[in-house]
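Asks:
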Amino acid sequence: MSSSAANASGAFAALWRPRLDEALLDLISGLPQGRLREACAYGLLGPGKRLRPLLVLASCEAAGGEPGVAMAAACAVEAVHAFSLVHDDLPCMDDDDERRGRPTVHVVHGEATALLAGDALLALGLGSLAAAGGAWAARASACLAEATWAGLVPGQVLDLEARDTVGPPDLETIHRLKTGRLMEAACLLGGFAAEADAARLDVLAEYGRELGLAFQLADDLLDDDADPASWVAVHGREATRKAGEAAVARAVAAAVTLGSSVLEAFAVGAFHRRV
């Protein structure tokens, strides 16, 4: 990756991250004051790089659009992502007490409130996008909903089942569903907002799929390899690293086809800067 690409992605994130945070705060402003809004804000506005919503905006730009046009889609993707994390952390799922260096939502606000906050974030994300107006928003809403019920949710089911299954799980399917489908959707939503043609949408989808796989493989390298649904646990660290590098190369090739130095840098950073 060239230094100019890295600089471009840094400048893009620096410009759009504050606008994203402002828009996300506005997204939950309609919730009634009280415990639910506090839990939603805690889950949605906490620390994080905002990679998925930035992917929406960068994909819109790569497809010839103005990134701000895709802001509703970017917020929707981040709300759906936040819903998935809040629910994944619950005691009945991964039972995590900490995320990104601070207590998880259910630890701070209680299990029942966390469950309802996740529900609210999912509905807010999909509903706000559907209300954004225009044919592209309706198409984007359907895409994001499908990425949830046909990607995130079954991916998590397979992940849970892998813990009780004898023999190696189908890791690529789990990773591509649980992580890749939302990143693919993020890129497609940016393309929809830019009214991209079918050929460009196909390249954006390919980029998102491979970025999602690379991102999850980086997680596997960073996490404890005791998890049976980990590439490291099944294939070892070196094979995991090689698989991640191959996925990055495919994502970079798609970004080059799109002519987007920002997407190129996001792909490289999603793996190499994390491991």
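Heads up: the sequence shown is residues 33 to 307, going by this note's numbering. For every residue, glycine included, the Cβ atom is placed at its ideal position computed from N, Cα and C.
(1) To the nearest angstrom, how far is it from the Cα of Q65 to the Cα of R269?
(2) Please identify the residue among P79, A90, A177, A55 whose C-alpha is closest to the C-alpha of D43.
(3) Under 8 Å by Cβ, that's how I've got A94 and L295 pegged, so tell me the actual separation to the nearest angstrom.
(4) Assign R82 to one of three DSSP states: helix, strand, or coil.
(5) With a Cβ-Cβ cutoff of 7 Å, do G199 and C219 count as a contact?
(6) Taking the CB atoms as reference points, tell me whether S173 and L184 lie closer together than 7 Å.
(7) As a quick exercise: from D229, D129, S262, D128, pick the residue whose alpha carbon is nearest that of D191.
(8) If you draw a straight line from the alpha carbon of C107 to that of A265, how long is it in whole angstroms?
(9) Leaving out five residues on either side along the sequence, give the residues of the same chain with a beta carbon under 7 Å from the beta carbon of A102.
(10) From K210 to A230, what distance separates their C-alpha atoms?
(11) Measure the C-alpha to C-alpha separation of E216 and S293 and round it to an integer number of angstroms.
(12) Tell me whether the beta-carbon of T289 lies closer than 7 Å to the beta-carbon of V235.
(13) Please return the same chain residues whose Cβ sits closer than 8 Å to the Cβ of R132, not counting the five positions on each side in sequence.
(14) Indicate whether R195 and P260 have their beta-carbon atoms separated by less than 7 Å.
(15) Which residues in the same chain as L148 place their Cβ atom closer than 8 Å to its Cβ, once the five residues preceding and following it in sequence are excluded?
(16) Label T205 either buried or exposed according to how many other C-beta atoms from any shown protein chain fall within 10 Å of its C-beta, with 16 as the threshold for buried.
(17) Specify, as a first and last residue, the run of the alpha helix (DSSP H) that P186 falls within.
(18) Kindly indicate the opening and closing residues of the alpha helix (DSSP H) around H304.
(19) Using only the alpha-carbon positions, how far apart do P123 and A278 sit?
(20) What are the residues that DSSP puts in a beta bridge with E130?
Replies: Taking the structure as given:
(1) 47 Å
(2) One detail in the question is off: residue 43 reads as Ala in this sequence, not Asp. Of the listed residues, the one whose Cα sits closest to A43 is A90.
(3) 6 Å
(4) When DSSP states are grouped into helix, strand and coil, R82 belongs to the coil group.
(5) No, the pair does not count as a contact, with Cβ atoms beyond the cut-off.
(6) no
(7) Here the closest residue by C-alpha is S262.
(8) Across the structure, C107 and A265 are spaced so that their CA atoms are roughly 34 Å apart.
(9) The answer, listed in chain order, is V88, L89, C92, L221, G222, A225.
(10) 25 Å
(11) 18 Å
(12) yes
(13) G78, P79, G80
(14) yes
(15) L68, A71
(16) exposed
(17) 185 to 194
(18) Here H304 belongs to no alpha helix (DSSP H), and DSSP marks it neither H nor E.
(19) 35 Å
(20) E130 pairs with P135.
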